[in-house]
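So the sequence lines, in the order shown, correspond to chains A and B. Quick note: the first sequence uses this note's numbering, first residue 2, plus one each step. Quick note: the second sequence uses this note's numbering, first residue 2, plus one each step. First up is the structure itself, then whatever we jot down about it.
There are 2 protein chains.
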Amino acid sequence: MELRKDPITRSWVVVGHGEEVSRPVEPCPLCPATESGQTLLRLPADGPWKVRVTPHPAPLYRIEGEVGRAAEGIYDKMRGVGAHEIVIESPVHVGTLSRLSDDDIELVFEAYKRRISDLKRDSRFKYATALKNQGPAAAAEWTHPHSEIVATTFVPRRVLYELRAAKSYYEEKERCVFCDIVRQEERAGKRVVDTQGDYVAFCPYASRVPFETWILARKHNYQFEAPRAESRRKNLAALVGRTLRRLEQVSDAYHMVLHTSPNTNVPSGHITGYWKTISDDYHWHIEVMPILPKGSRSYALKEVYFNAVMPEDSAKHLRGLEPSL
Amino acid sequence: MELRKDPITRSWVVVGHGEEVSRPVEPCPLCPATESGQTLLRLPADGPWKVRVTPHPAPLYRIEGEVGRAAEGIYDKMRGVGAHEIVIESPVHVGTLSRLSDDDIELVFEAYKRRISDLKRDSRFKYATALKNQGPAAAAEWTHPHSEIVATTFVPRRVLYELRAAKSYYEEKERCVFCDIVRQEERAGKRVVDTQGDYVAFCPYASRVPFETWILARKHNYQFEAPRAESRRKNLAALVGRTLRRLEQVSDAYHMVLHTSPNTNVPSGHITGYWKTISDDYHWHIEVMPILPKGSRSYALKEVYFNAVMPEDSAKHLRGLEPSL
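Here is the structure:
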């Protein structure tokens with residue numbers, strides 16, 4: 002297995018990873034009774050755990066080894082090094098993140114934050130994030146509530162485009178594009194789903210799929226793992242819970258993905274300078290992409306996103322749903 | 002329905018297009034006996050047609066109306082205007098493009114060229130291309146052999162990234178990145194599938210899926226529809242036929258997509274200047290993406306392309322297959 006850079010689009014492709022490795026399912030390896038795998042983090046630190054982080058038993062990337070970045074003529078390659086972990090969101094086998102109390106959702110986000118901070122101490126990793134596949138159609142690997150931490154030696158394609166666009170917008174206007182979006186969305190109101198404290202949930206103007214929802218802070222910050230007041234952490238957890246409880250009434254499968262800045266801790270030099278510069282103008286946020294059933298698609302539909310529903314209508318529908326626990 | 006520009010990634014999304022319009026299937030509307038829809042082109046011009054082009058009965062874009070490009074605060078939008086046509090590749094209901102004679106494949110490519118040239122006379126369209134969905138898993142709409150012509154008021158995302166990358170490579174090295182790729186692939190040999198005359202078929206270094214194959218000319222030209230000597234047209238048709246006959250032995254479904262330069266005929270001004278400048282460094286080519294069966298996928302697998310097979314192994318396997326008619 003190796004990582005190869007597409008010389009045209011400049012995105013990295015993992016080639017030759019072979020067929021999927023089988024992963025244990027029965028008995029549930031995420032339940033406290035089995036407690037398999039090394040414990041990378043447990044919260045709270047004492048007593049029975051509520052959230053536990055363990056390495057993925059069939060990881061997408063290998064944690065050991067050097068990055069081995071090298072040229073092959075005009076091409077670039079590196080080894081398939083990275084981190085892939087499971088965040089067990091609850092000791093209880095049945096349930097979903099959305100059905101946890103606000104305090105327990107906050108604990109899951111605290112686990113994301115600590116693991117991302119820890120992985121960013123490893124200078125091989127350019128990017129670390131948290132993501133959640135909810136439901137079989139989103140390829141959730143276990144029914145036991147869980148999410149994933151992934152750290153990579155490159156910045157994923159979409160995040161890189163976001164970083165570049167945020168930077169170029171800032172250079173032109175001296176304002177953050179995400180801050181401008183939140184301001185315009187709140188003024189217009191029609192795509193806003195819900196708000197709490199400093200956080201806003203809305204269906205983006207150019208939503209790629211029906212009911213796509215983003216959660217952003219009004220206050221500019223590029224780094225999800227930056228220290229945050231307790232009241233703000235509580236507001237975020239409450240808004241995420243309510244938003245997921247709304248979305249689960251229109252789709253039982255979705256991806257929830259944290260978009261945050263790249264690793265700016267890597268050793269000094271040209272590359273670090275670049276990531277530091279490009280990160281300042283970024284604005285961390287959460288994207289939730291519902292998975293709607295679809296068959297095979299024409300290339301004309303793959304080349305451009307076709308979304309059957311106007312985002313204003315998606316937001317209106319979501320606002321009308323009951324989000325209480 | 003309208004087109005909205007994602008302010009972050011700057012790609013266009015079609016929103017509110019509603020559910021798919023039903024399209025006639027029985028009796029086959031592509032057969033000469035039914036001959037439904039306006040004839041936009043027929044080849045040869047006299048006698049029974051071998052290739053016929055007609056508007057798509059359930060088009061993705063509407064052909065009539067102004068583009069209506071406008072701002073909505075910080076956002077950009079325009080109407081869902083474009084062209085969507087069917088190229089009927091043969092009067093015979095049963096068969097595939099790959100099973101036509103080289104002369105008949107050449108005629109299909111001639112139809113692509115004429116329709117693209119014609120659509121580029123319409124200054125509303127920034128891009129026009131040909132694509133083919135082969136097999137149900139690729140969402141082919143009819144079994145009767147056909148491909149599609151699509152013209153849009155924007156340059157699709159992937160082509161735009163290619164244009165930008167080709168330009169920036171040229172600025173740095175004063176060479177075309179595609180020309181460099183062909184030279185390196187021919188020197189290395191291991192990813193080359195087949196060649197004929199000036200054309201080379203190979204599995205790209207960072208293939209996104211197993212058996213992905215590109216067909217490029219050694220000679221630099223950014224425009225597919227540029228005039229071309231008869232011998233070169235024949236070589237291209239023969240190589241496309243052989244390559245598809247190899248690929249169909251590993252996958253019965255694929256997308257074949259022409260990547261060519263944007264419309265440089267649009268009226269003068271800033272935008273035209275931009276497209277003219279960015280097009281010079283481009284290199285038209287054909288990409289074939291086999292569709293391999295896959296279930297639901299984790300977001301971690303969507304964010305990055307994971308290709309189970311090394312492109313060298315894909316190419317070696319394809320070289321070993323019998324491509325004769």
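Cβ coordinates follow ideal geometry from the N, Cα and C atoms, glycine included.
Buried or exposed: which applies to residue i, given that a residue is buried once 16 or more other Cβ atoms fall within 10 Å of its Cβ?
i	result
Glu-323 of chain B	exposed
Ser-299 of chain B	buried
Leu-98 of chain A	buried
Gly-83 of chain B	buried
Pro-294 of chain A	exposed
Asp-7 of chain A	buried
Ala-218 of chain A	buried
Arg-125 of chain B	buried
Lys-220 of chain B	exposed
Pro-28 of chain B	exposed
Lys-174 of chain B	exposed
Leu-319 of chain A	buried
Nearest to residue i by CA position, among the options, is which residue?
i	options	result
Pro-205 of chain B	B:Asn-264, B:Glu-313, B:Leu-41, B:Val-178	B:Glu-313
Leu-161 of chain B	B:Arg-184, B:Lys-127, B:Tyr-113	B:Lys-127
Val-251 of chain B	B:Met-290, B:Leu-4, B:Ala-239	B:Met-290
Ala-131 of chain B	B:Met-257, B:Arg-80, B:Ser-169	B:Met-257
Trp-13 of chain A	A:Leu-248, A:Val-178, A:Arg-159	A:Arg-159
Glu-288 of chain A	A:Thr-244, A:Arg-70, A:Ile-9	A:Thr-244
Glu-149 of chain B	A:Gly-321, A:Ala-301, A:Lys-191	A:Ala-301
Pro-157 of chain B	A:Val-305, A:Ser-280, A:Glu-90, A:Arg-209	A:Val-305
Leu-4 of chain A	A:Arg-234, A:Leu-61, A:Tyr-113	A:Leu-61
Gln-135 of chain B	B:Ser-325, B:Lys-277, B:Met-2, B:Glu-249	B:Glu-249
Gly-81 of chain B	A:Phe-307, A:Lys-317, A:Glu-86, A:Arg-43	A:Phe-307
Tyr-170 of chain B	A:Phe-179, A:Tyr-76, A:Asp-199, A:Leu-108	A:Tyr-76
Glu-142 of chain A	A:Arg-320, A:Lys-317, A:Pro-30, A:Gly-198	A:Pro-30
Phe-110 of chain A	A:Glu-163, A:Ala-46, A:Ala-140, A:Phe-225	A:Phe-225
Met-2 of chain A	B:Trp-50, B:Tyr-113, B:Val-310	B:Val-310
His-85 of chain A	A:Leu-42, A:Ala-59, A:Met-79	A:Ala-59
Ser-232 of chain B	B:Asp-103, B:Gly-17, B:Pro-92, B:Pro-49	B:Asp-103
Glu-67 of chain A	A:Lys-235, A:Met-79, A:Val-151, A:Ala-189	A:Met-79
Pro-332 of chain B	B:Pro-92, B:Gly-19, B:Ile-87	Residue 332 of chain B lies beyond the stretch modelled for chain B, which goes from 2 to 326, so this question has no answer here.
Tyr-255 of chain B	A:Ala-138, A:Gln-185, A:Lys-303, A:Val-201	A:Lys-303
Ile-216 of chain A	A:Pro-263, A:Ala-227, A:Gly-198, A:Pro-228	A:Gly-198
Asn-264 of chain B	B:Tyr-283, B:Asp-253, B:His-18	B:Tyr-283
Arg-53 of chain A	A:Pro-137, A:Arg-115, A:Ala-167	A:Arg-115
Arg-70 of chain B	B:Cys-32, B:Ile-117, B:Thr-214, B:Thr-154	B:Thr-154
Gly-321 of chain A	A:Ser-262, A:Asp-195, A:Ala-239	A:Asp-195
Between residue i and chain A, is any beta-carbon pair separated by less than 9 Å?
i	result
Gly-69 of chain B	no
Trp-13 of chain B	yes
Ala-129 of chain B	no
Arg-229 of chain B	no
Ala-207 of chain B	yes
Tyr-76 of chain B	yes
Ala-140 of chain B	yes
Leu-101 of chain B	no
Ala-254 of chain B	yes
Ile-292 of chain B	yes
Please confirm if residue i has its CB atom under 9 Å from at least one CB of chain B.
i	result
Met-79 of chain A	no
Phe-307 of chain A	yes
Arg-330 of chain A	Outside the shown range of chain A (2 to 326) lies residue 330 of chain A, about which nothing can therefore be said.
Ala-152 of chain A	no
Leu-98 of chain A	no
Pro-137 of chain A	yes
Lys-317 of chain A	no
Val-190 of chain A	Reading off the sequence shown, one finds Gly at residue 190 of chain A, where the question assumed Val. Chain B, which has no Cβ nearer than 9 Å to the Cβ of Gly-190 of chain A, makes this no.
Asp-181 of chain A	yes
Tyr-162 of chain A	yes
Val-88 of chain A	no
May I ask you to report which of helix, strand or coil DSSP gives residue i?
i	result
Ala-218 of chain A	strand
Pro-291 of chain A	strand
Pro-205 of chain A	coil
Lys-303 of chain A	helix
Arg-233 of chain A	helix
Ala-131 of chain B	strand
Arg-1 of chain A	The shown model of chain A, from 2 to 326, leaves out residue 1 of chain A, and the question about it has no answer.
Leu-322 of chain B	coil
Glu-3 of chain B	strand
Thr-10 of chain B	coil
So which residues of chain C does residue i contact, with C-beta pairs closer than 8 Å?
i	result
Leu-61 of chain A	Here the protein chains are A and B, and chain C is not one of them.
Check: Taking the runs of the beta strand (DSSP E) that are 3 residues or longer, which of them lie wholly in the stretch 145–198 of chain A?
Finding: 147–153, 193–197
Checklist line | Length-filtered (3 minimum) beta strand (DSSP E) runs lying within the stretch 69–110 of chain B | finding: 71–73, 76–80, 83–89
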